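Under the numbering used here, the letters of the first sequence match residues 113 to 927, in that order.
Glycine included, C-beta positions come from ideal geometry on N, C-alpha and C.
Given the structure is predicted, the values throughout are model-derived calculations rather than measurements.
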Amino acid sequence: MTETMERYEPQSIELKWQKVWADEQSFHVPNPAPAELTGDRAKSYVVEMLPYPSGDLHMGHTLNYTIGDVITHMRRRKGIQVLRPMGYDAFGLPAENAAIKEGAHPRPTTERNIAAIRTQMQRMGWAIDWGREISTHEPAYYRWTQWLFLRFYEKGLAYRKEAPVKWCPNDQTVLANEQVVDGRCERCGAEVEAKILTQWYFRITDYADALLDEMGDLEDWPDRVLTMQRNWIGRSRGARVIFSVEGSGEELPVFTTRPDTLFGATFFVLAPENPLVTQLVAGSEHEAEVLDYVRRTSARSEVERETKEKDGVFTGRSAINPVNGEAIPIWVADYVLMGYGTGAIMAVPAHDERDHAFAESYGIEIRPVVVPEGEEIPEGTAYSAHGANEVLVNSGGFDGLSSPEAKERIVAWLGERDLGEETIGYRLRDWLFSRQRYWGCPIPIVHCSACGEVAVPDDQLPVVLPDITEVAPKGRSPLAAAEEWVSTTCPTCGQAALRETDTMDTFVDSSWYFIRYTDPANTELPFDRAIADYWLPVNQYIGGIEHAVLHLLYARFFTKVMNELGLCSFREPFARLFNQGMVTAGGAKMSKSKGNVINPLEYVEHYGADTVRLYTLFMGPADEDMDWHDNGLEGIWRFLNRVWRIAHEQADVVAGDPGGGPLARKTHRTIAKVTDDIDRRFSFHTPIAAMMELVNEIQRHPDDPAARFAIETVVSLIQPYAPHVAEELWGVLGEGRLWESAWPVADPALLVEEEVEIVVQVNGKVRDRIRVAASMGDDELLALALASERVQAHIDGKELRKTIVVPGKLVSLVI
RNA sequence: GCCGAAGUGGCGGAACUGGUAGACGCACCGGACUCAAAAUCCGGCGCCUGAAAGGGCGUGGGGGUUCGAUUCCCCCCUUCGGCACCA
């Protein structure tokens, strides 16, 4: 051993290499020349969800970007051109709230945080192309967010309407449906309120079918994300059936998934928000009571509406059932929602639990019309099955038909009479994206008293967010106070006009950033189509599960629209998605209040980035939740020290032919396993275990002719995980730059062991174990097994009924 | 209720197409080195039984297919995640 072998001191090594990488711009990947954009060069686009610059890098970032780094390094060393950029999701509430608290402006805070997080990322040694950095709060970026908005607006995909919305009283802004979890604000946890307001929406519902049907183009998205999106979109097949008001004949359309139960409808219910309600009771004796009910309902919170007993009020009017002309009473009840279907239902208490509960409370008739074939169903139960074994009764000409058949026949019958049609219902609502906050992308619209809503012309973009002193929300957008900015002229008629003062939700900013990376400096367009088409769809997208129905759904929607606008050729942004799990501490989610927050940078100071990076991925499968243990980190630290020591010891050994012995073979098997696990299985912890196993083996056989080859291989394979120490040891072992060297390739001839143990079983019981050459053929193995004295004793002259030989594994004999 | 994922030692987990279950790490136990400690190195480590060799049991539970099942099939239980007054 070299007497002067230095101790492993990660700090100096890491800073040294980070400087080299920065000076040489090692990870900058320029776009190909225009003529080469259509070539079939081996390329890969790796994107991690961009960070919100809140100050410090946390465990979630460490895990996210280390996964991306491993993939990036390995692909690059396999000769693939890998684009791996980084940006900042810089607009949004946390920065704005922090600024209000400090009495400062969000911009300096945000930009300070960006500078800090960039330094921290560089300290982690991630192989990022810093030449493509973007931030969503810069006019150079949001100019194009506004430009895209205008294209959506022109196609009618962005529009303003008055509607009941979810209002967060704490954040003083409206929320998208996707941002409300269990009736609470997804961000701050405050219970949301209902308000009627005019807000901006994207017509994502027009894309409900495309978002569902084009999931087939997603190569390998986790099932749970696809399931969440499917649930969220909530497509269900049914029928639109037109009831009418008795007396006036006014149409009352309903959506139902059970047209087979039409003959069981014994009452009709309108949602309290349904505009027909006021009209129906106007001037009647029921008017006061009904309007009072509507008022009380609107004061109820969502949660209260969902949990209380069903109640309602009778309107005094009746609806005509189109299948039998029967007049049924019209009620108003808040268990019917205005936002789904038509805000009105036919109530079938015999076959719907909710209608059943309501009917019981108010003594309304319960009339079963679909029953299991050949069985009686007891009076008054809510029997809801509707398969081929259920048949119709009490249903006029449809009696005896099976439920599925009746659905079709009844809808056809209604269709012939213009009283109904087959239709599809969705749970998905349009995406409400306007926010009454300051720190966001301004909506490029001007309100003119003469021309109405006018789009800001492209050549006047960006509409720059003005600097204002008072950014605190007061229930309306703080921008409204920036009078000089608000006052403008109408682009159409030139008269005095007012700017739109709402800003866009940050999810709009992040719905297209992954394309901007490909052409970040473009001043003519958001991105060049040929360049975008060259890199996208993203080959590997990496991020947390929390965006399953937020960002991941919005980005898919945006991409489809951009495709239809002719801006790009692809319709799905992310071909492949990896969702990392959450890192917990002591089995609990990290939180300041629990005081269990693990700050990765503290550990970097102590053990170096390489140890932290390795441990982060060694904790467990990266797509599941993992619990942080300091002892586990220590184990990785010991491992790196062992690699360090062995590499130095072997550096003095003259590199010779590793031969084909057990250690050489194990080394080749390790290469194959590490490569396959990362590349094909997206398993990041098992390769580390395999490398540890190999290091243990080298340690046991330091004089093996393959020892030097083995440790060189470990250093090479560990580089994507621990690039600094690997680079340093590569220098110790030889010459050249490791991150530029080719990824090791296993020799197929050396992938099997020289010698293996065969297990000889008789009737499933192990009777002997024999070591044999791995190359031995089946016949020889069988002969050897039968020749064993211990096996013979068990067979004892009996005839063998069957023999199974698994080469290299076992010989099984059945008497 | 509907949809999805998952149940393996004291713990995190491995076993990829059915082939020695428990790799690797942590924790623990024993030993070497040391005045001692740390660090490092060597060995042990599923449960029961046995001095040992060995034997029995064992991947949430119960069945099935198979020479052989953590792996495939059926039923059930539990946990986690999503959706849910969605008609």
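Quiz item: Is the region 190-204 touching the region 620-636, taking contact as three or more C-beta pairs under 8 Å?
Solution: At 8 Å Cβ cutoff, the stretches touch.
Exercise. Thinking residue 618 and residue 550 are a contact (beta carbons under 8 Å), I'd like their distance in whole angstroms, please.
Key: For the purposes of this step, residue 618 is taken as residue 506 along the first sequence, with counting starting at 1. For the purposes of this step, residue 550 is taken as residue 438 along the first sequence, with counting starting at 1. Residue 618 to residue 550, Cβ: 13 Å. No contact.
Self-check item: residue 473 (DSSP reduced to helix, strand or coil)
Solution: Counting from 1 along the first sequence, the entry for residue 473 is found at position 361. Collapsing the DSSP output to three states places residue 473 in a helix.
Practice problem: Would you tell me roughly how many angstroms separate the C-alpha atoms of residue 133 and residue 123, rounded to the nearest one? | Solution: Looking up residue 133 in the first sequence gives position 21. Looking up residue 123 in the first sequence gives position 11. Whole-angstrom Cα-Cα distance: 16 Å.
Quiz prompt | Cβ-Cβ distance between residue 236 and residue 832 below 8 Å | solution = Along the first sequence, read from residue 1 onward, the residue named residue 236 stands at position 124. Along the first sequence, read from residue 1 onward, the residue named residue 832 stands at position 720. In this structure, residue 832 does not lie closer than 8 Å to residue 236 by Cβ.
Quiz prompt | Alpha-carbon spacing of residue 143 relative to residue 644, whole angstroms | solution = As a first step, residue 143 must be located in the first sequence, where it is residue number 31. As a first step, residue 644 must be located in the first sequence, where it is residue number 532. Distance from the CA atom of residue 143 to the CA atom of residue 644, rounded to whole angstroms, is 10 Å.
Quiz item: With distances taken from CA atoms, which of 698, 638, 793, 872 is nearest residue 906?
Solution: Here residue 906 refers to the residue found at position 794 when the first sequence is read from its first residue. Residue 906 has its Cα closest to that of 872, out of 698, 638, 793, 872.
Exercise. Please determine if the region 638-658 and the region 676-684 are in contact, where contact requires at least 3 C-beta pairs separated by less than 8 Å.
Key: Enough Cβ pairs lie closer than 8 Å, so yes.
Quiz item: Out of 516, 119, 449, which has the shortest C-alpha to C-alpha gap to residue 539?
Solution: Taking the first sequence and counting its residues from 1, the one referred to as residue 539 is at position 427. The option with the nearest alpha carbon to residue 539 is 449.
Quiz item: Measuring CB to CB, does residue 739 end up less than 8 Å from residue 834?
Solution: Translated into the one-based positions of the first sequence, residue 739 becomes position 627. Translated into the one-based positions of the first sequence, residue 834 becomes position 722. No. Outside cutoff.
Exercise. Measure from the alpha carbon of residue 887 to the alpha carbon of each residue in 879, 904, 900, 866, then state which is nearest.
Key: Reading the first sequence from its first residue, position 775 is the one you call residue 887. Nearest of 879, 904, 900, 866 to residue 887, Cα basis: 866.
Self-check item: residue 479 in three-state terms, based on DSSP
Solution: Start at 1 with the first residue of the first sequence, and residue 479 comes out as number 367. Three-state result, residue 479: coil.
Quiz item: Quick one: any contact between the region 686-698 and the region 328-335, if contact means 3 or more CB pairs under 8 Å?
Solution: Contact between the region 686-698 and the region 328-335 is present, because at least three Cβ pairs lie under 8 Å.
Quiz prompt | Extent of the continuous alpha helix (DSSP H) run through residue 785 | solution = As a first step, residue 785 is located in the first sequence; it is residue number 673 there, counting from the start. First-last of the alpha helix (DSSP H) with residue 785: 774-791.
Practice problem: Write down every uninterrupted run of the beta strand (DSSP E) in the region 144-222 whose length is 3 residues or greater and which is fully enclosed by it, in chain order. | Solution: Scanning the region 144-222 from its first residue to its last, the whole beta strand (DSSP E) runs of 3-plus residues come out as 155-160, 193-195.
Quiz item: Rounded to a whole number of angstroms, what is the C-alpha to C-alpha distance between residue 841 and residue 652?
Solution: Position 729 of the first sequence, counted from the first residue, corresponds to residue 841. Position 540 of the first sequence, counted from the first residue, corresponds to residue 652. The C-alpha of residue 652 is placed about 30 Å away from the C-alpha of residue 841.
Exercise. Reducing DSSP to helix, strand and coil, say where residue 497 ends up.
Key: Your numbering for residue 497 matches position 385 in the first sequence. Looking at residue 497 - three-state DSSP - the assignment turns out to be coil, as it is neither helix nor strand.
Exercise. Grab the span of the beta strand (DSSP E) containing residue 581 for me, first residue to last.
Key: Reading the first sequence from its first residue, position 469 is the one you call residue 581. Neither: residue 581 is in no beta strand (DSSP E) and is coded neither H nor E.
Quiz item: How should residue 459 be labelled, buried or exposed, when 16 other C-beta atoms within 10 angstroms of its C-beta is the threshold for buried?
Solution: By 1-based counting over the first sequence, the position of residue 459 is 347. Residue environment: residue 459 is assigned as buried (16 or more neighbouring CB atoms within 10 Å of its CB, all protein chains considered).
Quiz prompt | Reduced DSSP category for residue 739 - H, G, I as helix; E, B as strand; rest coil | solution = Mapped onto the first sequence, residue 739 falls at position 627. For residue 739, the three-state secondary structure derived from DSSP is strand.
Exercise. Using 10 angstroms around the beta-carbon of residue 184, count the other beta-carbons present and answer buried if the total reaches 16, otherwise exposed.
Key: Residue mapping note: residue 184 aligns to position 72 of the first sequence, counting from 1. Burial call: buried.
Self-check item: Residue from 719, 717, 747 whose Cα sits closest to the Cα of residue 731
Solution: For the purposes of this step, residue 731 is identified with residue 619 of the first sequence, where counting begins at 1. The residue with the shortest Cα to Cα distance from residue 731 is 747.
Quiz item: Straight-line CA distance for residue 985 to residue 180?
Solution: This structure gives no information on residue 985, because the portion of the chain shown stretches from 113 to 927.
Quiz item: Helix, strand or coil: how does DSSP classify residue 115 here?
Solution: Here the question's residue 115 lines up with position 3 in the first sequence. Unreliable positioning characterises residue 115 in this predicted model, as indicated by a pLDDT of 45, which lies under 50. The coordinate reading is nonetheless provided below. Look at residue 115 here: in three-state DSSP terms it is coil, with no helix or strand label.
Quiz item: Can you give the Cα-Cα distance for residue 366 and residue 457, rounded to whole angstroms?
Solution: For the purposes of this step, residue 366 is taken as the residue at position 254 of the first sequence. For the purposes of this step, residue 457 is taken as the residue at position 345 of the first sequence. Straight through space, the alpha carbons of residue 457 and residue 366 are spaced by roughly 5 Å.
Quiz item: What residue range is occupied by the uninterrupted alpha helix (DSSP H) comprising residue 624?
Solution: Indexing the first sequence from 1 puts residue 624 at position 512. DSSP places residue 624 outside any alpha helix (DSSP H), giving it a letter other than H or E.
Quiz item: In this structure, what does DSSP give as the bridge partners for residue 675?
Solution: As a position in the first sequence, residue 675 is number 563, starting the count at 1. The partner list for residue 675 (beta bridge, DSSP) is empty, contrary to what the question assumes.
Self-check item: Proximity below 8 Å, CB of residue 358 to CB of residue 473
Solution: Taking the first residue of the first sequence as 1, we reach residue 358 at position 246. Taking the first residue of the first sequence as 1, we reach residue 473 at position 361. Not closer than 8 Å, so no.
Quiz item: Below 8 Å between beta carbons: does that hold for residue 272 and residue 855?
Solution: As a working note, residue 272 is residue 160 in the first sequence. As a working note, residue 855 is residue 743 in the first sequence. In terms of Cβ geometry, residue 272 and residue 855 do not form a close pair [threshold 8 Å].
Quiz prompt | Closest residue to residue 349 among 599, 534, 238, 120 (Cα-Cα distance) | solution = Locating residue 349 in the first sequence gives position 237, counting from the first residue. When the alpha-carbon of residue 349 is set against those of 599, 534, 238, 120, the nearest one is in 534.
Quiz prompt | Proximity of residue 374 and residue 435 at Cβ, strictly below 8 Å | solution = Reading the first sequence from its first residue, position 262 is the one you call residue 374. Reading the first sequence from its first residue, position 323 is the one you call residue 435. Judged by their CB atoms, residue 374 and residue 435 are nearer to each other than the 8 Å cut-off.
Quiz prompt | Secondary structure, alpha helix (DSSP H): runs of 4+ residues fully inside the region 392-421 | solution = Within the region 392-421, the complete alpha helix (DSSP H) runs of at least 4 residues are 399-411, 414-419.
Practice problem: List the residues that DSSP assigns as beta-bridge partners of residue 601. | Solution: The count along the first sequence starts at 1 and reaches residue 601 at position 489. For residue 601, which the question treats as bridged, DSSP gives the partners 608.
Practice problem: Using the Cα positions of residue 798 and residue 733, report the straight-line distance between them to the nearest angstrom. | Solution: In the first sequence, counting from the first residue as 1, residue 798 sits at position 686. In the first sequence, counting from the first residue as 1, residue 733 sits at position 621. The C-alpha of residue 798 lies about 8 Å from the C-alpha of residue 733.
Quiz prompt | Sequence-distant residues of the same chain with beta carbon closer than 6 Å to residue 828, five excluded per side | solution = Stepping through the first sequence from its first residue, residue 828 is reached at position 716. 856.
Quiz item: residue 883 to residue 908, Cα distance in whole Å?
Solution: Residue 883 sits at position 771 when you count from the first residue of the first sequence. Residue 908 sits at position 796 when you count from the first residue of the first sequence. In this structure, the straight-line span from the alpha carbon of residue 883 to that of residue 908 is close to 23 Å.
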